[in-house]
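See structure below.
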Amino acid sequence: MSFAGPNRDKLVRATDLDALSCRLSANRKGYFVPSDKFIPALLTSYEQNLQYCEGYTQLSARRTIRSTFTEAKFPLINRGTYFRTESIDRIVSSFIEEHTGEGGVESDGRSDGGNLNNDKDKDSCKHTENDARSGSRRTCQIVALGGGSDTRSFRVLENHRARKDVVYTEIDFAESTKIKKIAISNSPALKSIIGPVLTGSEGPGTCDLAPIDVSSKEDMASLDPDLHCQQYHLVAADLRQLGAPGTNSFSFLQPEVPTLIISECVLCYVTPEENIRVLNFWKSMFSALAVVLYDPMGLGDAFGDTMAQNLSKRGLDMLTFSKYPDLQARKLLFEATLGFRAWLTDLASIGGYGVPSATWMDASESVRVSRLEMVDEVEEIGLLLKHYCLIYAESGMSSRLPTELKWIL
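Going by my numbering, the first residue of the sequence shown is number 11, and it counts up by one from there.
Quick look at the structure:
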């Protein structure tokens, strides 16, 4: 079973809720140290505003939230969520440390702490020359495809507010960025992290982001989905339309600045041809580009077939399963087709359930994680995690990051 058009887009957007519920579950079980304190603000925004999104009613939104967030996750899901989050965090942290020149960013510790915004966001505006010039201090850029409900941007920026050496951009469907923008506007902690909103109708300047209250589908439809700050950009865009006439030009990004693209369970939902177009779009924009990609893969076995069938029943087709079924095929895609240098592994090896010499876990952390929940199905978790790949690729740069981590290919 598959769906087309808006219905399929709604189903793809719903996978972001699944990911948020998995991170919430793992967070509650104590996997993340320190705890991720940014999740509640995003969850509250979804609880209050999903009903105003296209394809939802008040009743269906409540049912979706209830079914997604009240069902207990199996220990193997919590553990997989932890490995996925921590491995990408490690790459992001290492990239930033190497390219900011500070050398002091050990981790993206979890703690609370472009387009110009429309007139409704222009409260308490103050124009300052220093704010206008601050962009010159950026030394690396992070661009997250399908940022949605992810909290990594807040964790990274909290560590880099003082130095202002990282600019973080998140791209997603408009309704997903609107819900995130609402969450930010109503959270003093999140607003303090992203800083003032950039304005430009009367020259460069900034203003505070006013709280946003949505009470109808009309309010949601009229809300500007984008948000632009000195170190943070939230952009509504369909990745399938990148580069099309009339689409967002991402002119706020600096082509000469080392940039890391994050694609976390995003490109698996577009065609192989669209994968190539999306990656080439970013490769052509930046002189020094790295990509970290996390996706499921079929491996051509019965388990992969079952994964694909189960998702198909939900209207979600894994469009890269057969085209890029394993690490070898994906390495060929990145190196032979796209012209990157690529390093690849799978989540089983990262977590210590696959190739023994390729684990990213040290002994003490493995012991801590193993004590959080009893996992009886050791073979099953290894089989599941083997079907998720983690790829790091570079173009126009040669960093030390790949040599600091363990890879299968």
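The beta carbon of each residue, even a glycine, is placed where N, CA and C say it ideally should be.
Everything numeric in this text was worked out from a predicted model, so none of it was measured.
{"Item": "Would you report the Cα separation of V43 and E375, rounded to the nearest angstrom?", "Value": "11 Å"}
{"Item": "Of the choices S225, V245, T369 and V302, whose alpha-carbon is the least far from that of R351?", "Value": "V302"}
{"Item": "So, for I222: in the same chain, excluding its five sequence neighbours on each side, which residues have a beta-carbon less than 6 Å away from its beta-carbon?", "Value": "I192 and S195"}
{"Item": "With DSSP collapsed to three states, give me the class of Y363.", "Value": "coil"}
{"Item": "Roughly how many angstroms separate the alpha carbons of T25 and E283, rounded to a whole number?", "Value": "22 Å"}
{"Item": "Could you compute how far the alpha carbon of R324 sits from the alpha carbon of L27?", "Value": "14 Å"}
{"Item": "Whose CA, out of H243, P235, R89 and E228, lies closest to the CA of G6?", "Value": "Because the chain in this structure spans residues 11 to 419, residue 6 falls outside the shown range and cannot be described."}
{"Item": "So, at 6 Å on beta carbons, what are the nonlocal neighbours of F79 in its own chain, with the 5 sequence-adjacent residues on each side left out?", "Value": "S31"}
{"Item": "Suppose contacts are defined by Cβ-Cβ distances below 7 Å. Is N88 in contact with K20 by that definition?", "Value": "no"}
{"Item": "Write down the C-beta distance between S399 and M307 rounded to the nearest angstrom, noting that I regard them as a contact closer than 8 Å.", "Value": "Here residue 399 turns out to be Cys, not Ser, going by the sequence shown. So it is a contact: roughly 5 Å between Cβ atoms."}
{"Item": "So what's H238 in DSSP terms, helix, strand or just coil?", "Value": "strand"}
{"Item": "How would you write the range of the beta strand (DSSP E) that Q151 sits in, first residue to last?", "Value": "C150 to L155"}
{"Item": "Is it right to say Q241 is buried, meaning 16 or more other beta carbons lie within 10 angstroms of its own, or is it exposed?", "Value": "buried"}
{"Item": "Assign D182 to one of three DSSP states: helix, strand, or coil.", "Value": "strand"}
{"Item": "How far does the alpha helix (DSSP H) with D99 in it reach, from first residue to last?", "Value": "P85 to T110"}
{"Item": "Should G362 be labelled buried (16 or more other beta-carbon atoms within 10 Å of its own) or exposed?", "Value": "buried"}
{"Item": "If we count the other Cβ atoms within 10 Å of its Cβ and call it buried at 16 or more, is Q61 buried or exposed?", "Value": "buried"}
{"Item": "Can you tell which of V22, R381 and I98 has the C-alpha that lies nearest to the C-alpha of F183?", "Value": "V22"}
{"Item": "Where N17 and L326 are concerned, what is the direct C-alpha to C-alpha distance, given to the nearest angstrom?", "Value": "10 Å"}
{"Item": "Note down, in chain order, each residue of its chain lying with its Cβ closer than 6 Å to the Cβ of S409, except the 5 sequence neighbours on either side.", "Value": "E108"}
{"Item": "Pull the bridge partners of C278 from the DSSP assignment, please.", "Value": "Its beta-bridge partners do not exist; DSSP assigns none."}
{"Item": "Which residue's Cα is closest to the Cα of L411: V365, G90 and S104?", "Value": "S104"}
{"Item": "Alpha carbon to alpha carbon, what distance is there between T110 and R173?", "Value": "9 Å"}
{"Item": "In three-state terms, what does DSSP make of C217?", "Value": "strand"}
{"Item": "Relative to the alpha-carbon of L270, which residue among A154, K47, A29 and M328 has its alpha-carbon at the smallest distance?", "Value": "A154"}
{"Item": "Taking DSSP's pairing of strands, which residues face W292 in a bridge?", "Value": "According to DSSP, which records beta bridges pairwise, W292 is partnered with nothing at all."}
{"Item": "Taking the alpha-carbon positions, what's the M371 to D234 distance?", "Value": "42 Å"}
{"Item": "Let me check understanding here. Comparing Cα to Cα, which of V224, F48, P85 and T67 lies closest to Y41?", "Value": "P85"}
{"Item": "So what's S4 in DSSP terms, helix, strand or just coil?", "Value": "With the chain running from 11 to 419 in the structure shown, residue 4 is simply not present."}
{"Item": "Keeping to the same chain, check which residues put their C-beta closer than 6 Å to that of A403; ignore five residues upstream and five downstream.", "Value": "V301, F344, F350 and A352"}
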